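Residue numbers (the working numbering): 30 to 128.
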């Protein structure tokens, strides 16, 4: 069982979602151990349940949502600074875009 401030959406997810903002320095129970959160985790954002290696898939809702771009420790904030989408964009605005 994880800290009640966290929501694990599927049993195999390697992240949880913060139900409330968790301040830097707070201790949470996650992945079967106490972990001190290094940076604030905003409400609705992702936090690592366990260590995630660079290149490893990140799972939310029981499905991969991207890959880690660097090692992620248990309790770390998981966001665009350490996670990349593995999906191609459906459209893009660029030099050839006409409004």
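Glycine included, each C-beta is placed from N, C-alpha and C at the ideal position. From a predicted model like this one, the values you see are computed outputs, not experimental measurements.
Quiz item: Cα separation between residue 116 and residue 93?
Solution: Taking the Cα positions, residue 116 is about 10 Å away from residue 93.
Quiz prompt | Start-to-end residues for the beta strand (DSSP E) that takes in residue 66 | solution = No residue range can be given for residue 66, since it is assigned to no beta strand (DSSP E) and is classified by DSSP as neither H nor E.
Self-check item: Beta-carbon proximity of residue 76 to residue 47, cut-off 8 Å
Solution: With contacts defined by Cβ atoms closer than 8 Å, residue 76 and residue 47 form a contacting pair.
Quiz item: Which of helix, strand or coil does DSSP assign to residue 78?
Solution: Residue state, collapsed to three classes: coil.
Quiz prompt | Reduced DSSP secondary structure (H/G/I, E/B, other) of residue 98 | solution = In the three-state DSSP reduction, residue 98 falls in the coil class, being neither helix nor strand.
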